[in-house]
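If you use my numbering, the sequence shown corresponds to residues 2 to 126, in order.
Using N, Cα and C, we set each Cβ at its ideal position, and we do this for glycine too.
Just so we're clear, the structure is a prediction, and the values are computed from it rather than from any experiment.
Down below is the structure, laid out as structure tokens.
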Amino acid sequence: AFAQLTGLNLSYNKVCAIGFRELAEAAEHNLAQLKVLNLRSCGIYESQWPDDGSDPDTDELNFFNAIQAIKRGAFAQLTSLNIDSCDIDLTVVRMLVDAIEEGALTKLTKLHVSSTGVDNSSQIW
Numbered sequence: 002a003f004a005q006l007t008g009l010n011l012s013y014n015k016v017c018a019i020g021f022r023e024l025a026e027a028a029e030h031n032l033a034q035l036k037v038l039n040l041r042s043c044g045i046y047e048s049q050w051p052d053d054g055s056d057p058d059t060d061e062l063n064f065f066n067a068i069q070a071i072k073r074g075a076f077a078q079l080t081s082l083n084i085d086s087c088d089i090d091l092t093v094v095r096m097l098v099d100a101i102e103e104g105a106l107t108k109l110t111k112l113h114v115s116s117t118g119v120d121n122s123s124q125i126w
């Protein structure tokens, strides 16, 4: 249903680790034509699950799997990524930068980053 979608605006939303992973994995097949992804003023954060004895590394694994999907070609057609004013998790930013350095998102021509909620973000970019 979303195969021809070229732009996705999730501005001012909260995206947890699971949602970020699912978005990236969906992009591998169902959002193959996506060129513009707007996450302005989004919070990409760790899930807040109650202590139910589940694996504490679940969020990290979800973020890792999302980046792996990006490395496999998710968002391959993306030309513009906007993460302005995002309260984005430092781990996610580092993994995203690593993926770009390793050759993912080769068509990306616009990366909008300012006022992120990341501590020491200037050291990353």
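query = Buried or exposed: which applies to N63, given that a residue is buried once 16 or more other Cβ atoms fall within 10 Å of its Cβ?
reply = By 1-based counting over the sequence shown, the position of residue 63 is 62. Buried.
message = Could you give the first and the last residue of the continuous alpha helix (DSSP H) run that contains N66?
response = If you number the sequence shown from 1, residue 66 lands on position 65. Element bounds for N66: T59 to K72.
message = Helix, strand or coil, according to DSSP, for D99 in the structure here?
response = Sequence index remark: in the sequence shown, residue 99 carries index 98 (1-based). Reduced to three states, the DSSP call for D99 is helix.
key: Short Cβ contact (7 Å threshold) for K108 with Q78   = As a position in the sequence shown, residue 108 is number 107, starting the count at 1. As a position in the sequence shown, residue 78 is number 77, starting the count at 1. Yes. Within cutoff.
inquiry  = Tell me the DSSP secondary structure of V114 in three-state form.
reply    = Sequence index remark: in the sequence shown, residue 114 carries index 113 (1-based). Three-state result, V114: coil.
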